[in-house]
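For reference, the structure discussed in these notes is given below.
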């Protein structure tokens, strides 16, 4: 029986709780798994495909994945050597990532992700990570967890950049899963996925890019909030509704059930 590799990251908007439902809509056959807004990439790690292409606009996230793929043991050692105090959290947060070695930079990213408030990745307009330290941390990944994570990442190409560049590479025998940041709900203004992650203006561009990938033979699954602009853009695709728990704001009053859409071209 295949053993599922656990994602290392806590990630706002992660679809981990929806994995059983998402599995029901996975194509029976495909050669490569592609995710242009990969975030914690929980579906990639759930499916453990032989070949993958993971992209994200967040350069720190992709740098972290590349270093864990290249040297998981060293990143894990550096992560576990870091003190778990509040003072150290803010000291590490204040450091410029570029001032650190490649592995230190990756360990910093993992540490801030695990100890920040609700696993939110938020930056100010200058691109500086500014999430306060949280209270709930959960079980930290072990060295073996990090090593297993790195081994599976060796099956994937990793690209930092806009979704359009990733989707331009997609065609026949590719399965593309997209879970973009939710535009139109203040997400972009708060910078919870990065200062320039996604906006309502990007929905039409995403639709056109996906239509091109679809015409080349890619099979596409999108999960997104039930908003009119998305329903209208993808009105000719298959649309299914579901109710999910959302925790975007990071506060208790922001945790509520909302309608979400699963959109496919198959």
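In my numbering, the protein residues as written are 49 to 314.
Backbone N, C-alpha and C fix where the C-beta goes; we use that ideal spot for every residue, glycine too.
**Study point:** Cβ contact check for the segment 78-85 and the segment 175-189: 3 or more pairs under 8 Å
**Key:** no
Check your understanding: Where do the N-terminal and C-terminal ends of the alpha helix (DSSP H) with residue 114 fall, by residue?
Key -> As a first step, residue 114 is located in the chain shown; it is residue number 66 there, counting from the start. For residue 114, the uninterrupted alpha helix (DSSP H) run begins and ends at 107-118, by DSSP.
Review point. At which residue ranges does the segment 253-294 contain complete alpha helix (DSSP H) runs of 4 or more residues, listed in the order of the chain?
Key: 276-281
Practice item. Would you identify the three-state DSSP class for residue 311, choosing helix, strand or coil? Key: In the chain shown, the residue the question calls residue 311 occupies position 263. Reduced to three states, the DSSP call for residue 311 is strand.
Check your understanding: Between residue 204 and residue 99, is the Cβ-Cβ spacing less than 9 Å?
Key -> On the chain shown, position 156 is the one that residue 204 refers to. On the chain shown, position 51 is the one that residue 99 refers to. Yes, these two residues count as a Cβ contact at 9 Å.
**Study point:** For residue 218, the nearest candidate out of 152, 140 and 268 (CA to CA)
**Key:** Mapped onto the chain shown, residue 218 falls at position 170. Ranking the options by Cα distance to residue 218, first place goes to 268.
Practice item. Whole angstroms is fine: what's the gap from residue 201's alpha carbon to residue 92's? Key: Your numbering for residue 201 matches position 153 in the chain shown. Your numbering for residue 92 matches position 44 in the chain shown. Their Cα atoms are separated by approximately 9 Å.
Review point. Are there 16 or more other CB atoms within 10 angstroms of the CB of residue 62, so buried, or fewer, so exposed?
Key: By one-based count along the chain shown, residue 62 stands at place 14. Buried is the call here.
Check your understanding: When DSSP labels each residue in this structure, what does residue 206 get in the three-state scheme?
Key -> Here residue 206 is taken as the residue at index 158 of the chain shown, counted from 1. In the structure shown, residue 206 sits in a strand (DSSP, three-state: E or B).
Review point. If we ignore side chains and look at the alpha-carbon of each, how far apart do residue 158 and residue 54 end up?
Key: Here residue 158 refers to the residue found at position 110 when the chain shown is read from its first residue. Here residue 54 refers to the residue found at position 6 when the chain shown is read from its first residue. Whole-angstrom Cα-Cα distance: 14 Å.
Check your understanding: Tell me the DSSP bridge mates of residue 164?
Key -> Here residue 164 corresponds to residue number 116 of the chain shown, with the count starting at 1. Paired residues: 181.
Point to revise | Residues that DSSP places opposite residue 83 in a beta bridge | key: Counting from 1 along the chain shown, the entry for residue 83 is found at position 35. Answer by DSSP bridge pairing, in chain order: 102.
**Study point:** Top-ranked residue by Cα proximity to residue 167, from 252, 57 and 279
**Key:** For the purposes of this step, residue 167 is taken as residue 119 along the chain shown, with counting starting at 1. If we check each option's Cα against that of residue 167, 57 comes out closest.
Check your understanding: If you run the structure through DSSP and keep just helix, strand and coil, what is residue 227?
Key -> Stepping through the chain shown from its first residue, residue 227 is reached at position 179. Of the three classes helix, strand and coil, the one that applies to residue 227 here is coil, per DSSP.
Review point. Roughly how far, in whole angstroms, is the beta-carbon of residue 122 from the beta-carbon of residue 151, given that I think they are within contact range, below 8 Å?
Key: Translated into the one-based positions of the chain shown, residue 122 becomes position 74. Translated into the one-based positions of the chain shown, residue 151 becomes position 103. About 5 Å separates the beta carbon of residue 122 from that of residue 151, a gap short enough to meet the 8 Å contact definition.
Practice item. Just the C-alpha distance for residue 222 and residue 206, rounded to the nearest angstrom, thanks. Key: For the purposes of this step, residue 222 is identified with residue 174 of the chain shown, where counting begins at 1. For the purposes of this step, residue 206 is identified with residue 158 of the chain shown, where counting begins at 1. Approximately 16 Å between the Cα atoms of the pair.
Review point. Got a sec? Which residues, its chain only, sit under 7 Å from residue 252 by beta carbon, not counting five neighbours each side?
Key: By one-based count along the chain shown, residue 252 stands at place 204. Excluding residues within five positions, the ones whose Cβ falls inside 7 Å are 281.
Review point. Tell me which same chain residues have a C-beta within less than 7 Å of the C-beta of residue 36, skipping the five on either side of it?
Key: Outside the shown range of the chain (49 to 314) lies residue 36, about which nothing can therefore be said.
Review point. Measuring CB to CB, does residue 177 end up less than 9 Å from residue 170?
Key: Taking the chain shown and counting its residues from 1, one reaches residue 177 at position 129. Taking the chain shown and counting its residues from 1, one reaches residue 170 at position 122. The answer is yes: Cβ separation under 9 Å.
Practice item. Compute the distance between the beta-carbons of residue 209 and residue 117, then report whether it is under 9 Å. Key: The sequence position of residue 209 within the chain shown is 161, counting from 1. The sequence position of residue 117 within the chain shown is 69, counting from 1. Not closer than 9 Å, so no.
Review point. Do you know how far the Cα of residue 88 is from the Cα of residue 96?
Key: In the chain shown, the residue the question calls residue 96 occupies position 48. In the chain shown, the residue the question calls residue 88 occupies position 40. Distance between the alpha carbons of residue 96 and residue 88: 14 Å.
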